[in-house]
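Asker: Here's a structure for you.
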Amino acid sequence: MPRDHSNRPDSESYSFEAITPINLSRAAESSTSTSAGHTSSLSKLVVFALLITLLIAGIGVFFYLPEAVVQQQADAARNAAQNFKDNVQTTEKPAATSPPVTVDSAPRVPANELAALQLAQQQQARDQAQEVLETLLKQQATLEKAGVKLWAADRFAEAVLEVTRGDELFVNKDYVAAREAFSRAVPILNELVARIEPELAAAIEKGQASLNEKDAASANRHFERALTIDPDSSAAARGLERAGNLDQLLALLSAGKAHEDQDELQAAQESYQKAVKLDGESEEARQALNAVNSEISSRSFNRFMSEGFAALEKADYASARKSFSGAGRIHPQSAEVSEALAQVDSQQKLQTISMHREQADALNAQEQWRQAADAYNAALDIDPNLVFAREGKAYSLERLAITQQLAGYLQSPGRLSAQNVHDQASAYLESLKPLSDKGPKLSAQMSELARQLQIAATPVLVRIVSDNQTRVAVHQVGQFDVFLKKDLQLRPGTYTAVGSRTGYRDVRKVFDVAPDKGPISVIVKCEEPI
Numbered sequence: 002m003p004r005d006h007s008n009r010p011d012s013e014s015y016s017f018e019a020i021t022p023i024n025l026s027r028a029a030e031s032s033t034s035t036s037a038g039h040t041s042s043l044s045k046l047v048v049f050a051l052l053i054t055l056l057i058a059g060i061g062v063f064f065y066l067p068e069a070v071v072q073q074q075a076d077a078a079r080n081a082a083q084n085f086k087d088n089v090q091t092t093e094k095p096a097a098t099s100p101p102v103t104v105d106s107a108p109r110v111p112a113n114e115l116a117a118l119q120l121a122q123q124q125q126a127r128d129q130a131q132e133v134l135e136t137l138l139k140q141q142a143t144l145e146k147a148g149v150k151l152w153a154a155d156r157f158a159e160a161v162l163e164v165t166r167g168d169e170l171f172v173n174k175d176y177v178a179a180r181e182a183f184s185r186a187v188p189i190l191n192e193l194v195a196r197i198e199p200e201l202a203a204a205i206e207k208g209q210a211s212l213n214e215k216d217a218a219s220a221n222r223h224f225e226r227a228l229t230i231d232p233d234s235s236a237a238a239r240g241l242e243r244a245g246n247l248d249q250l251l252a253l254l255s256a257g258k259a260h261e262d263q264d265e266l267q268a269a270q271e272s273y274q275k276a277v278k279l280d281g282e283s284e285e286a287r288q289a290l291n292a293v294n295s296e297i298s299s300r301s302f303n304r305f306m307s308e309g310f311a312a313l314e315k316a317d318y319a320s321a322r323k324s325f326s327g328a329g330r331i332h333p334q335s336a337e338v339s340e341a342l343a344q345v346d347s348q349q350k351l352q353t354i355s356m357h358r359e360q361a362d363a364l365n366a367q368e369q370w371r372q373a374a375d376a377y378n379a380a381l382d383i384d385p386n387l388v389f390a391r392e393g394k395a396y397s398l399e400r401l402a403i404t405q406q407l408a409g410y411l412q413s414p415g416r417l418s419a420q421n422v423h424d425q426a427s428a429y430l431e432s433l434k435p436l437s438d439k440g441p442k443l444s445a446q447m448s449e450l451a452r453q454l455q456i457a458a459t460p461v462l463v464r465i466v467s468d469n470q471t472r473v474a475v476h477q478v479g480q481f482d483v484f485l486k487k488d489l490q491l492r493p494g495t496y497t498a499v500g501s502r503t504g505y506r507d508v509r510k511v512f513d514v515a516p517d518k519g520p521i522s523v524i525v526k527c528e529e530p531i
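Residue numbering for the sequence shown follows the working numbering, starting at 2 and increasing by one per position.
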């Protein structure tokens, strides 16, 4: 590539378009014909364009020539501009007899003005050539860094040839030709710069394809080429690393497959895990690991389910629930697990209800009415709609009430001597005779109450002895005048006799009349004077 010709002062930028100089010989001829009036067809636009060109040339000369030359050429440019202005004013009124002026005609330019224009154009061409060259040098550096000689050597050589030619022309001060040579290299280098990213992508893609084909050597070449194009490419660096691990990866995959064939799933899983750890981007390694993991999970799931149903058949609900829950941890959304756990709940519920029913029936048979009612309540707590539990509870509570009522009469049999109590107890006992399924305890209670009622209804001879001076009154029986001896027929029970005598302190005697233990003698005398 050429040297960088950048030892010029900074100036305004110019476009890459080539500028064609004015045909100065024809301009001289035109100045002669103008005096004859042959400029009638020259447009104002051309004249003003020439005028502006001269002014720009004058300004350029002012900046790029030494001060003395600049001043001289600026004066010439002003003179030329004035001449163009005068010519424009003259050509606005052409003579009627003047022949048409051709397009190539131009005003005559003095020699000093011509020199200034040529110098300005030369300087402009030099600057433009230099600017294009600077761009080319930057593109050259970019392409060489991207290893262009590896993927576009011939095309790059074409550009280098054009730039070399331009450089030689530039050194020989043929700036226009140099600029044109440089410009021919521009589209070539632009094309190559635009190819950098596609070339990088293509190299990486080919490297990936080689990895998929298990061709480590080819993958290495493509990824190394990609890193030559872009040393900072993480994809290329990772690809090169994967290519270096390919042989080891294939060995692990082969070992895992061998373990699978021997139904050694745990060993296969370990090999595939190592493969994925070595190359996490390997689709084959991931698929193999997923497949063996799925098989292990499936077998574990089936084992848990089998164990659960076996425990369920034995009514071992705790073990069944544990096994089904283990299967649920493997497949949390499994409908099969949900149904199995529901079956455990249902069978355990039925078993518990059946247990409470059996317990309640046994307690009823034993006439433990309160405990039986509690067992029915436990079943109803599980399912309030159980008919047997509702009916059984009502039955148990009814029998409990009967036994409690009978027990109340039997606990105080003396009360049965009172006629009203005797009548109530007798009526209640009569109401119980139609009951079916009287257990031994209930039958015994009823028999005992009947016996007590019979006893309470059988009088006992009671002899009251007095002094024939004391009046005696027996509560619930009657009051008697003085006597020495009086026999009474009293039902079993507790009685109170009260004796009274004028001038003497009253006496009170409480005595019990026991059944089948008569006659009973009671002395009632008032013997203590007041």
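Glycine included, each C-beta is placed from N, C-alpha and C at the ideal position.
Report yes if the C-beta distance between R464 and S501 is below 8 Å; otherwise report no.
Answerer: No, the Cβ-Cβ distance between R464 and S501 is not below 8 Å.
Asker: Just reading off the beta strand (DSSP E) that A532 is part of, what are its end residues?
Answerer: Missing from the structure shown is residue 532; the chain here goes from 2 to 531 and no further.
Asker: Identify the continuous alpha helix (DSSP H) that holds V149 and give its terminal residues.
Answerer: First-last of the alpha helix (DSSP H) with V149: 149-152.
Asker: Can you give the Cα-Cα distance for L144 and L193, rounded to whole angstroms?
Answerer: One C-alpha to the other measures close to 7 Å.
Asker: Bridge partners of F481, per DSSP?
Answerer: Answer is V473, bridged to F481.
Asker: Mind reading off the beta-carbon distance from A186 to E163? Whole number of angstroms is fine, and I expect it under 8 Å.
Answerer: Rounded, the Cβ-Cβ distance is 4 Å, consistent with contact.
Asker: Looking only at C-alpha atoms, which of A321, S307, K434, Q249 sits nearest to A286?
Answerer: Taking only the C-alpha atoms, the option nearest A286 is Q249.
Asker: Over what stretch of residues does the alpha helix (DSSP H) that includes L251 continue unbroken?
Answerer: Element bounds for L251: 235-262.
Asker: Name the two residues that bound the continuous beta strand (DSSP E) containing V525.
Answerer: First-last for V525: undefined, no H or E at that position.
Asker: Do L433 and I403 come within 8 Å of each other at the CB atom, strictly closer than that value?
Answerer: Yes, the Cβ-Cβ distance between I403 and L433 is below 8 Å.
Asker: Name the two residues that bound the continuous alpha helix (DSSP H) containing K394.
Answerer: It spans 388-412 - the alpha helix (DSSP H) in which K394 sits, taken as one unbroken run.
Asker: Can you confirm whether the segment 170-186 touches the segment 120-139 when touching is taken to mean that 3 or more C-beta pairs between the two stretches lie within less than 8 Å?
Answerer: Yes: the two stretches touch, three or more of their Cβ pairs being nearer than 8 Å.
Asker: Secondary structure at G208, three-state DSSP: helix, strand or coil?
Answerer: Three-state DSSP puts G208 in a helix.
Asker: Rounded to whole angstroms, what is the Cα-Cα separation between D482 and V525?
Answerer: Each residue's alpha carbon lies about 12 Å from the other.
Asker: Over what stretch of residues does the alpha helix (DSSP H) that includes Q372 continue unbroken?
Answerer: Its alpha helix (DSSP H) spans residues 370-383.
Asker: Straight-line CA distance for Q120 to V172?
Answerer: The question names Gln, yet the displayed sequence has Leu at residue 120. For L120 and V172, the distance between alpha carbons rounds to 17 Å.
Asker: Between L247 and A217, how many whole angstroms is the CB-CB distance? I'm expecting something under 8 Å.
Answerer: Confirmed, about 4 Å.
Asker: Counting only the same chain and skipping the five closest in sequence on each side, list residues whose C-beta sits under 6 Å from that of A390.
Answerer: Cβ within range, chain order: Y377, A380, L381.
Asker: Rounded to the nearest angstrom, what separates Q267 and I297 at their Cα positions?
Answerer: Spanning the two alpha carbons is a distance of roughly 8 Å.
Asker: Would you check if there are 3 or more beta carbon pairs closer than 8 Å linking the segment 294-308 to the segment 329-345?
Answerer: With a cut-off of 8 Å, the segment 329-345 and the segment 294-308 count as touching, because enough Cβ pairs lie within range.
Asker: Looking at the unbroken alpha helix (DSSP H) that takes in S432, where does it start and where does it end?
Answerer: 420-433 is the span of the alpha helix (DSSP H), which, as asked, contains S432.
Asker: Out of A366, R492, Q349, F310, which has the shortest C-alpha to C-alpha gap to A341?
Answerer: Of the listed residues, the one whose Cα sits closest to A341 is F310.
Asker: Cα-Cα, which of V388, G393, A366, Q412 is closest to D375?
Answerer: Ranking V388, G393, A366, Q412 by Cα distance to D375 puts G393 first.
Asker: Within a Cβ cutoff of 8 Å, which residues of the same chain sit near K215, ignoring the five residues on either side of it in sequence?
Answerer: Result list for K215: L247, L251, in chain order.
Asker: May I have the straight-line CA-CA distance separating E265 from E200, to the nearest angstrom?
Answerer: C-alpha separation (whole angstroms): 46 Å.
Asker: Alpha carbon to alpha carbon, how far is Q360 from A373?
Answerer: If you take the alpha carbons of Q360 and A373, they lie about 7 Å apart.
Asker: Which one of L398, L387, D384, L351 has the shortest CA to CA distance from L364?
Answerer: Among L398, L387, D384, L351, the Cα nearest to that of L364 is on L398.
Asker: Are the beta-carbon atoms belonging to R166 and I189 less than 8 Å from one another?
Answerer: Against a cut-off of 8 Å, the Cβ pair of I189 and R166 comes out as no contact.
Asker: May I ask you to report which of helix, strand or coil DSSP gives G327?
Answerer: Note: G327 maps to helix in three-state DSSP.
Asker: Quick one: what does DSSP say A316 is sitting in, helix, strand or coil?
Answerer: Note: A316 maps to coil in three-state DSSP.
Asker: The alpha helix (DSSP H) that contains S501, what's its start and end?
Answerer: Not the alpha helix (DSSP H): S501 falls in the beta strand (DSSP E), residues 494-502.
Asker: What is the DSSP secondary structure of D175, reduced to helix, strand or coil?
Answerer: Three-state DSSP puts D175 in coil, outside helix and strand.
Asker: Please classify R506: does DSSP put it in a helix, a strand, or coil?
Answerer: DSSP places R506 in strand when its eight states are reduced to three.
Asker: Where does L462 sit, in a helix, a strand or coil, going by DSSP?
Answerer: Three-state result, L462: strand.
Asker: D346: buried (16+ other C-beta within 10 angstroms of its C-beta) or exposed?
Answerer: Answer is exposed; the Cβ neighbour count stays below 16.
Asker: How big is the Cα-Cα spacing for Q263 and A210?
Answerer: Taking the straight line joining both Cα atoms gives about 32 Å.
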